[in-house]
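Below is one structure, written out as structure tokens; the observations come after it.
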Amino acid sequence: MSSGLSPRALVIRDALIQAGNAAQAAWSSGMGVSTKSDGTPVTASDLSAEAVIVAALHLAFPEDAVITEESGGRAGSAAWWVVDPIDGTSSFIEGLGHWGPTVARITPGPDGPKIDCGALYLPRLGEHYHVDTRGPARGGYFNGARMPRFAERPSQRTVYLPSRFHTHFRLRYRGKTRCIGGTAAHLALVARGAAEAVIVAEGWATWDTAAGLALIEVLEGRAALLRTGAPLNPFAHEGQAFVAGNPEIVEEFLRAGAITPLPEEP
């Protein structure tokens, strides 16, 4: 990978690569799978990858707190990190490609928390995504190279959907739809230009979306709540369904009748 990244970004990248490659090696040799209280799967690789990332963050950024999906934690008065050691655990278990560790650094402010930077690594594909939201390094990066803004690339009508979208919504859209992996991967791929937009269903947590949403924002995309069209605040609106990506496609989805909720089953 090229080195168009800041020193901080390189530290994060190396930690994610170490954690992700270890998880991939564990998958190849067999792994234990259990079910969490919310019904989602967790593997021994989630826990080992988490340990690698947390140790690296504590070493490089000792003043920052760390909150993880598997072990929890508490935000401090200064900055904190959110960590998902394997976003897309089901894809990981099934041997698919679009899963990996993702992190983001959050800073407090007078208007609420802000995403300072974030990253995602997809081990099976060798793809690394990074975002800085401020300073001279501000921008979105794919394998160390800056990514173009949404307005600087051609449109190509593909949209990513969550795997259970069909159980909650009806969609009217004259384009392609795909579901290829976890939420973090979908967001990053939209930022890279592999698709125009992504719909994220209810129930997500900050560690699933922070890096990807920051990528889309810094590349001048749009994120909006699916049911109201209001701008998405990933902290105030945590867990609510949203659409993000190319502003024109997001607007198309928000028009009346494009997406309609299915009636609740009795």
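For the sequence shown, the positions run 5 to 270 when the numbering used here is used. Quick reminder that beta carbons are idealized off the backbone N, C-alpha and C, glycines included. Predicted, not measured: the structure shown is a model, and the values here were computed from it.
- Contact annotation, Leu223 with Ala248: C-beta distance approximately 11 Å; criterion of less than 8 Å not satisfied.
- Three or more Cβ pairs closer than 8 Å define a contact, and the region 154 to 170 falls short of that threshold against the region 54 to 68.
- Rounded to the nearest angstrom, the gap between the Cα atoms of Arg153 and Glu252 is 13 Å.
- When Cβ pairs closer than 8 Å are counted between the two stretches, the region 85 to 103 is seen to touch the region 185 to 192, the count reaching three or more.
- Put simply, the region 165 to 181 does not touch the region 211 to 220. Fewer than three CB pairs are less than 8 Å apart.
- Across the structure, Thr111 and Trp85 are spaced so that their CA atoms are roughly 9 Å apart.
- About 15 Å separates the CB atoms of Leu219 and Phe246; that is not less than 8 Å, and the two are not in contact.
- The beta carbon of Thr106 sits closer than 6 Å to those of Asp88, Asp91, Leu124, Ala188 and Ala215, all from its chain and outside the five residues before and after it, given in chain order.
- In the three-state scheme derived from DSSP, where H, G and I count as helix and E and B as strand, Thr162 is classed as strand.
- Straight-line spacing of the CA atoms in Ile97 and Ile21 works out to 18 Å.
- Taking each of Gly233, Asn250 and Glu54 in turn and checking the Cα distance to Arg226, the smallest one comes out for Asn250.
- Spatial neighbours of Ala262 in its own chain (CB-CB distance under 8 Å, excluding positions within 5 residues in sequence) are listed in chain order as Leu175, Arg176, Tyr177 and Glu256.
- By the neighbour-count criterion, in which a residue is buried when 16 or more other Cβ atoms sit within 10 angstroms of its Cβ, Ala192 is buried.
- For Asp115, the number of other beta carbons within 10 angstroms of its own is below 16, and it is reported as exposed.
- Taken in chain order, the complete beta strand (DSSP E) segments of 3 residues or longer contained in the region 103 to 129 are 104 to 111 and 118 to 126.
- In this model, Val56 and Ala82 are separated by some 23 Å (Cα to Cα).
- Assigned with DSSP and collapsed to three states, Pro140 falls in coil, not helix or strand.
- Per DSSP, Pro251 is not a residue of any beta strand (DSSP E); the alpha helix (DSSP H) it occupies stretches across Pro251 to Leu258.
- For Pro265, the closest of Ala69, Thr171, Ala29 and Arg128 by C-alpha to C-alpha distance is Thr171.
- Pairing Thr181 with Ala198, the inter-Cα distance amounts to about 12 Å.
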